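Enquirer: Take a look at this one; I'll ask things after.
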Amino acid sequence: MLFLASESRGKGLGGQLLRYGIQRYSIETLTVNEQNPQARGFYEHMDFRVYRRTDLDEQGMPYPILYMRLERPAT
Numbered sequence: 117m118l119f120l121a122s123e124s125r126g127k128g129l130g131g132q133l134l135r136y137g138i139q140r141y142s143i144e145t146l147t148v149n150e151q152n153p154q155a156r157g158f159y160e161h162m163d164f165r166v167y168r169r170t171d172l173d174e175q176g177m178p179y180p181i182l183y184m185r186l187e188r189p190a191t
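Counting in the numbering used here, the sequence shown runs from 117 upward without gaps.
In structure tokens:
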């Protein structure tokens with residue numbers, strides 16, 4: 117999970133952290149709550165694309181989940 121304090125958003129920190137995870141830990145897929153359009157937009161900006169959607173989260177709760185895959189290496 118990637119969370120930033122609201123006052124830290126828009127400063128490039130999220131992108132730095134995600135690029136580090138991609139480079140250091142070979143992150144290629146992730147999940148995001150469909151009800152969080154800001155997060156989805158961030159990951160799409162970082163070249164992740166939705167490849168699957170479920171109506172329930174991993175605990176079986178009614179929170180739609182988007183599964184996203186890196187389309188090209190983030191730089």
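C-beta atoms are modelled at their ideal positions from N, C-alpha and C, and glycine is treated no differently.
Bear in mind the structure is a predicted one, so any value in this text is a computation, not a measurement.
Among 175, 177, 179, 166, whose alpha-carbon lies nearest the alpha-carbon of residue 144?
Expert: 166
Enquirer: Could you give the first and the last residue of the continuous beta strand (DSSP E) run that contains residue 146?
Expert: Annotation: the continuous beta strand (DSSP E) that includes residue 146 extends over 145 to 149.
Enquirer: Tell me the DSSP secondary structure of residue 165 in three-state form.
Expert: In the structure shown, residue 165 sits in a strand (DSSP, three-state: E or B).
Enquirer: Cβ atoms of residue 180 and residue 150: under 8 Å apart, would you say?
Expert: When the beta-carbon positions are compared, residue 150 and residue 180 come within less than 8 Å of each other.
Enquirer: State the DSSP-derived secondary structure class of residue 136, mapped to helix, strand or coil.
Expert: Helix at residue 136.
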